[in-house]
Each structure stands twice: as structure tokens, then as C-alpha cells.
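Undergrad: First, the structure itself, so that you have it in front of you.
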Amino acid sequence: MKIDSIVLRELSMSLIHPFATSFGETRERRVLLVEVRAEGLSGWGECTTGEHPYFNEESTDTAWVTILQELAPLLNSAEEQSGGKCPAIFRRVRGNRMAKAALENAVWDLDAQMRRIPLYELLGGVRETIACGVSIGIQPSLEKLIDKVGTAISEGYQRIKLKCKPGLDVEMFEAVRHRWPEIRLSCDANSAYRLRDADHLVSFDQFDLLMIEQPLWADDFYFHAMLQQRLDTAICLDESIRNRRDALAAIEMESCRIINIKLGRVGGFSEAIAIHNATLERGIPVWCGGMLESGIGRAHNIALSTLENFSLPGDVSASRRYWAEDIIEPEVTVSAAGEIRVPNTPGRGFEVRTDLIERLTVRKEEIKAMALVS
Numbered sequence: 010m011k012i013d014s015i016v017l018r019e020l021s022m023s024l025i026h027p028f029a030t031s032f033g034e035t036r037e038r039r040v041l042l043v044e045v046r047a048e049g050l051s052g053w054g055e056c057t058t059g060e061h062p063y064f065n066e067e068s069t070d071t072a073w074v075t076i077l078q079e080l081a082p083l084l085n086s087a088e089e090q091s092g093g094k095c096p097a098i099f100r101r102v103r104g105n106r107m108a109k110a111a112l113e114n115a116v117w118d119l120d121a122q123m124r125r126i127p128l129y130e131l132l133g134g135v136r137e138t139i140a141c142g143v144s145i146g147i148q149p150s151l152e153k154l155i156d157k158v159g160t161a162i163s164e165g166y167q168r169i170k171l172k173c174k175p176g177l178d179v180e181m182f183e184a185v186r187h188r189w190p191e192i193r194l195s196c197d198a199n200s201a202y203r204l205r206d207a208d209h210l211v212s213f214d215q216f217d218l219l220m221i222e223q224p225l226w227a228d229d230f231y232f233h234a235m236l237q238q239r240l241d242t243a244i245c246l247d248e249s250i251r252n253r254r255d256a257l258a259a260i261e262m263e264s265c266r267i268i269n270i271k272l273g274r275v276g277g278f279s280e281a282i283a284i285h286n287a288t289l290e291r292g293i294p295v296w297c298g299g300m301l302e303s304g305i306g307r308a309h310n311i312a313l314s315t316l317e318n319f320s321l322p323g324d325v326s327a328s329r330r331y332w333a334e335d336i337i338e339p340e341v342t343v344s345a346a347g348e349i350r351v352p353n354t355p356g357r358g359f360e361v362r363t364d365l366i367e368r369l370t371v372r373k374e375e376i377k378a379m380a381l382v383s
């Protein structure tokens with residue numbers, strides 16, 4: 010492969026419904042897309058940064074600068090350009106994993122197209138369908154929450170996850186469990202609690218949750234291990250797991266019993282596969298988390314979720330849950346059984362709606378290969 014150009018775009022996309030977590034509420038998404046062009050083909054990647062550096066240290070604006078000034082030149086000047094080589098190519102740039110993932114995943118997509126095989130096959134996936142769960146943001150009332158959960162269940166989703174925070178937890182769980190005692194239910198705190206809340210968190214055991222996701226600090230293993238000793242419910246780590254080494258440390262310390270793998274958080278497909286393999290060897294189940302992605306990021310999540318150890322339903326839901334119009338076709342749909350059929354065409358498996366992307370673009374920069382060479 011020899012890259013001809015890299016195109017960076019920022020899109021402005023409105024969510025159908027506001028999405029609230031312990032970080033705050035999101036109504037508009039600044040979606041950062043990377044298109045890598047080579048040999049008449051285009052690979053696409055999505056940078057899953059938030060508008061602000063709240064989930065991790067990155068934001069849309071920092072990723073834009075990092076990709077343009079650091080990562081794109083490194084990729085272009087590399088002797089071997091492939092998805093699997095990207096971690097080594099980008100190694101001198103510390104952190105900035107979501108920016109790295111956007112470029113790396115676009116190159117993986119391009120690799121698969123050039124080989125004329127589906128992206129999931131190139132990654133080593135084994136599933137023809139993936140099981141889907143849904144993440145429900147904090148709602149303004151219990152009535153609204155019950156309505157949202159009921160809709161998701163009627164749509165077939167196999168796992169319901171409730172965002173929670175101190176003061177908005179037990180009452181929600183009680184209401185949902187009373188209405189649906191048999192559903193697969195979990196919660197996600199996004200690091201909203203502290204060790205002083207341990208007694209309160211132990212009370213969550215009564216609700217038969219599949220997991221409590223990232224209850225404590227975003228960079229912690231030690232105190233999660235202390236908490237897990239007291240809980241019957243499995244802790245799932247999200248923000249704490251940045252790479253394979255983190256996953257191994259968390260497993261060794263017994264900080265969690267489940268791990269959420271997000272492509273952007275770990276830096277792209279290469280590291281996600283490494284984490285997957287480590288957890289598979291040690292019997293720790295994983296699932297694919299979401300970051301309010303457009304269809305491009307969603308297509309990549311589908312491909313990742315085909316790997317063997319993705320044994321729990323992920324946050325890979327239908328396009329229509331978030332967008333009136335998605336930027337891929339066909340849109341991602343979920344069957345009545347709560348599954349997505351994995352596309353079997355070369356690359357990511359979904360066509361990109363370039364016309365819609367152009368209409369939604371608020372800034373764009375194309376870097377020709379010659380301009381990238383120092």
C-alpha cells in the first residue's frame with residue numbers, strides 16, 4: 010500500500026434524543042472522520058473523542074491537531090503501511106489513543122478492501138451475527154426511563170444498561186427490576202462513585218445485575234479490587250483499560266470479572282485484538298462498548314464484536330436509536346432477536362454516503378502524500 014492522501018473532516022450531527030451520563034448531556038456530536046485514500050480505494054475511520062476531555066484526556070480539537078501535525082506525517086513516511094504496523098508507526102506519540110485509532114482503523118478497512126475480504130475476517134472474527142445490547146442514558150423521570158426500557162425490550166435488545174450516578178441509581182434499578190424481573194440488566198457509573206460509597210454499591214447486589222461498569226476512578230485498579238472482593242456482582246472495567254498491559258494487571262489484581270473494549274479508548278484494532286486474546290486466554294469475557302458513533306464507527310464495532318471472546322451483548326445498536334439519517338448505507342439494523350448480521354462484503358461492509366457527509370461537514374482538510382513527506 011502507498012497512501013495517496015488523507016482527508017480529515019469534522020461533521021456536525023444532531024442526536025435524535027439527548028444522551029445523559031454522569032459527565033453531562035450530549036445533544037450535538039462533533040464527529041471526526043478520517044479517510045485514507047490509496048490505489049483508488051478509501052478506508053474510513055472515526056475518532057470517538059468527545060467534544061470535551063471528560064471521558065479521557067482527548068477532545069475533538071486535540072485529535073484534529075494531533076492527526077494533522079503528528080500522526081498523518083508518521084503514517085505517510087512509514088516504509089510499510091498497514092493496520093497492524095500502525096502501533097509501531099505511531100509509537101513516538103504518547104497517548105492520543107482515539108486519534109491513533111481513527112487513522113489505524115481506516116488503514117485496516119483499506120487493507121481488507123485491497124485483499125477483497127470482509128474486515129471482520131481480516132481481524133480474525135468468527136461470528137456471522139453479533140448480540141446487541143443498548144445503553145440508556147439518565148432520564149428526567151422514572152416514567153420516562155420505564156418507557157425507554159420498554160421500547161428497547163420490544164425492539165429485541167438482549168441486554169439493557171442503565172447509566173447511573175449517586176442519587177440516581179437504586180430507585181431506577183428497583184423500578185426496572187420490578188417491571189422486568191427476568192431481563193439481563195447492567196449499570197454504568199462512568200467513575201461517578203468513590204470508595205466511601207462501597208456500602209451503597211454493595212446494595213446493588215440485590216438487583217441481580219450482569220455487571221457494574223467502572224464504578225470508581227477512571228485510572229484505578231487497586232480500589233476496584235477492594236470493592237470487587239465485597240461484591241457478588243461482577244465489576245466491568247472500561248476507562249481503566251487502555252491496553253493489554255492494563256487488562257493483564259486488572260485480571261491479576263482481580264479488579265474485575267468482565268472487560269469492556271472500546272476501539273478508540275485502546276488505540277485501534279491492533280490493541281483491541283491484543284486485549285481480546287489476553288482475556289480469552291484467562292477466561293475473562295469481553296464486550297464492545299459504544300461512544301455515540303456514526304455508522305462508520307458502528308461498522309468497525311460490528312467487525313470487532315465478531316471475535317471469539319466477545320461473548321456478552323455489546324453497545325452496538327441500530328443507527329435509528331441515535332440518528333435520523335446515518336452516514337452509511339444500509340443503516341445498521343437490529344433483528345427482533347436482538348442481533349446484527351455481519352456484512353460479508355470487502356472492507357467495513359457498508360457504503361459511505363459521501364453526499365450526506367459533505368452536507369454535514371463543517372471543516373475539512375486534505376493532505377496529499379507529497380505534502381506529508383518531511
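Numbering-wise (the numbering used here), the sequence shown opens with residue 10 and increments by one. Note that CB positions come from ideal geometry on N, CA and C, so glycine has one too.
(1) Name the one or two DSSP bridge partners that residue 196 has.
(2) What residue from 307, 306, 321 has the CA that sits closest to residue 289's CA?
(3) Could you name the residues that DSSP lists as bridge partners for residue 337?
(4) Buried or exposed: residue 58, going by 16 or more other Cβ atoms within 10 Å of its Cβ?
(5) Do the stretch 28 to 47 and the stretch 144 to 152 meet, that is, are 3 or more Cβ pairs less than 8 angstroms apart?
(6) Since residue 54 is in the alpha helix (DSSP H), which residue starts that stretch and which ends it?
(7) Please state whether DSSP places residue 47 in a helix, a strand or coil.
(8) Taking the CB atoms as reference points, tell me whether residue 51 and residue 351 lie closer together than 9 angstroms.
(9) With a threshold of 7 angstroms on Cβ separation, who are the neighbours of residue 93 within its own chain once the five nearest residues in sequence on each side are excluded?
(10) Residue 279 lies in the beta strand (DSSP E); which residues open and close that run?
(11) Any idea what DSSP makes of residue 71, helix, strand or coil?
(12) What's the gap between the Cα of residue 78 and the Cα of residue 184?
(13) Less than 6 angstroms between C-beta atoms, sequence neighbours within five positions excluded: which residues of the same chain meet that for residue 106?
(14) With distances taken between CB atoms, is the gap from residue 43 to residue 55 smaller than 9 angstroms?
(15) Across the stretch 257 to 266 and the stretch 81 to 88, are there enough close Cβ pairs to call them in contact, namely three or more that are closer than 8 angstroms?
(16) What does residue 332 pair with, by DSSP beta-bridge criteria?
(17) Suppose you measure from the CA of residue 313 to the CA of residue 211; what does that come to, to the nearest Å?
(18) Quick one: Cα of residue 153 to Cα of residue 60, how far?
(19) Hey, residue 132 and residue 112 are a contact pair by Cβ (cut 8 angstroms); roughly how many whole angstroms apart?
(20) Classify residue 176 as buried or exposed, calling it buried when 16 or more other Cβ atoms lie within 10 Å of its own Cβ.
(21) Is the number of C-beta pairs between the stretch 281 to 296 and the stretch 305 to 312 that are closer than 8 angstroms three or more?
(22) Is it true that the CB of residue 324 sits closer than 9 angstroms to the CB of residue 297?
(23) Contact check, residue 196 vs residue 221 under 8 angstroms by CB: the rounded distance?
(24) With distances taken Cα to Cα, identify the nearest neighbour of residue 198 among 245, 287, 331, 36.
(25) Measuring only the C-alpha atoms, how far is residue 36 from residue 217?
(26) What beta strand (DSSP E) runs, 3 residues minimum, are completely inside the stretch 79 to 141?
(27) Assign residue 151 to buried or exposed, taking buried as 16 or more other Cβ atoms, counted over all protein chains shown, within 10 Å of its Cβ.
(28) Nearest to residue 205 by CA position, among 219, 233, 193, 187, is which residue?
(29) Does DSSP put residue 143 in a helix, in a strand, or in coil?
(30) What separation, rounded to the nearest whole angstrom, lies between the Cα atoms of residue 380 and residue 90?
(31) Quick check on DSSP: helix, strand or coil for residue 271?
(32) By the three-class DSSP mapping on this structure, what secondary structure does residue 21 have?
(33) Pick helix, strand or coil for residue 351, following the three-state DSSP scheme.
(34) In three-state DSSP terms, what is residue 230?
TA: Based on what the coordinates show:
(1) Stepping through the sequence shown from its first residue, residue 196 is reached at position 187. 171, 221.
(2) Here residue 289 corresponds to residue number 280 of the sequence shown, with the count starting at 1. Of the listed residues, the one whose Cα sits closest to residue 289 is 321.
(3) As a position in the sequence shown, residue 337 is number 328, starting the count at 1. Bridge partners of residue 337: 361.
(4) The residue labelled residue 58 in the question sits at position 49 within the sequence shown. With 16 or more Cβ atoms within 10 Å of its Cβ, residue 58 is classed as buried.
(5) yes
(6) Mapped onto the sequence shown, residue 54 falls at position 45. Not the alpha helix (DSSP H): residue 54 falls in the beta strand (DSSP E), residues 50 to 56.
(7) If you number the sequence shown from 1, residue 47 lands on position 38. Correct three-state label for residue 47: strand.
(8) The count along the sequence shown starts at 1 and reaches residue 51 at position 42. The count along the sequence shown starts at 1 and reaches residue 351 at position 342. Contact flag unset, no.
(9) Position 84 of the sequence shown, counted from the first residue, corresponds to residue 93. Only 279 meet the Cβ criterion.
(10) Along the sequence shown, read from residue 1 onward, the residue named residue 279 stands at position 270. Bounds of any beta strand (DSSP E) do not take in residue 279; it lies within the alpha helix (DSSP H) bounded by 278 to 291.
(11) Here residue 71 refers to the residue found at position 62 when the sequence shown is read from its first residue. DSSP places residue 71 in helix when its eight states are reduced to three.
(12) The sequence position of residue 78 within the sequence shown is 69, counting from 1. The sequence position of residue 184 within the sequence shown is 175, counting from 1. C-alpha separation (whole angstroms): 50 angstroms.
(13) Locating residue 106 in the sequence shown gives position 97, where the first residue counts as 1. Here the set comprises 276.
(14) Numbered from its first residue, the sequence shown carries residue 43 at position 34. Numbered from its first residue, the sequence shown carries residue 55 at position 46. Yes, they are a contact pair.
(15) No, the stretch 257 to 266 is not in contact with the stretch 81 to 88.
(16) By one-based count along the sequence shown, residue 332 stands at place 323. Paired residues: none, contrary to the question.
(17) Walking along the sequence shown from the start, residue 313 turns up at place 304. Walking along the sequence shown from the start, residue 211 turns up at place 202. For residue 313 and residue 211, the distance between alpha carbons rounds to 33 angstroms.
(18) Working through the sequence shown from its first residue, we reach residue 153 at position 144. Working through the sequence shown from its first residue, we reach residue 60 at position 51. About 26 angstroms.
(19) The residue you call residue 132 lines up with position 123 of the sequence shown. The residue you call residue 112 lines up with position 103 of the sequence shown. So it is not a contact: roughly 17 angstroms between Cβ atoms.
(20) For the purposes of this step, residue 176 is taken as residue 167 along the sequence shown, with counting starting at 1. It is exposed - the Cβ of residue 176 has fewer than 16 other Cβ atoms within 10 Å.
(21) With a cut-off of 8 angstroms, the stretch 305 to 312 and the stretch 281 to 296 do not count as touching, because too few Cβ pairs lie within range.
(22) Translated into the one-based positions of the sequence shown, residue 297 becomes position 288. Translated into the one-based positions of the sequence shown, residue 324 becomes position 315. Against a cut-off of 9 angstroms, the Cβ pair of residue 324 and residue 297 comes out as a contact.
(23) To locate residue 196, count along the sequence shown from 1; it is residue 187. To locate residue 221, count along the sequence shown from 1; it is residue 212. Yes, residue 196 and residue 221 are in contact; Cβ-Cβ is about 6 angstroms, under 8 angstroms.
(24) Position 189 of the sequence shown holds residue 198. Of the candidates 245, 287, 331, 36, the one whose C-alpha sits nearest the C-alpha of residue 198 is 245.
(25) Taking the sequence shown and counting its residues from 1, one reaches residue 36 at position 27. Taking the sequence shown and counting its residues from 1, one reaches residue 217 at position 208. C-alpha separation (whole angstroms): 32 angstroms.
(26) 138 to 140
(27) Against the sequence shown, residue 151 aligns to sequence position 142. Residue 151 is exposed by the Cβ-count criterion.
(28) Position 196 of the sequence shown, counted from the start, is the residue given in the question as residue 205. For the residues 219, 233, 193, 187, the minimum Cα distance to residue 205 belongs to 233.
(29) Position 134 of the sequence shown holds residue 143. Of the three classes helix, strand and coil, the one that applies to residue 143 here is strand, per DSSP.
(30) The residue you call residue 380 lines up with position 371 of the sequence shown. The residue you call residue 90 lines up with position 81 of the sequence shown. Residue confidence for residue 380 is low, a pLDDT of 47 falling below 50, so the modelled location carries little weight; the figure read from the coordinates is stated next. Rounded to the nearest angstrom, the two C-alpha atoms are 17 angstroms apart.
(31) If you number the sequence shown from 1, residue 271 lands on position 262. DSSP places residue 271 outside both helix and strand once states are collapsed to three, so it counts as coil.
(32) On the sequence shown, position 12 is the one that residue 21 refers to. The answer is strand: DSSP assigns residue 21 an E or B state.
(33) Position 342 of the sequence shown, counting from 1, holds the residue named residue 351. In this structure, residue 351 counts as coil in the three-state DSSP scheme.
(34) Reading the sequence shown from its first residue, position 221 is the one you call residue 230. Correct three-state label for residue 230: coil.
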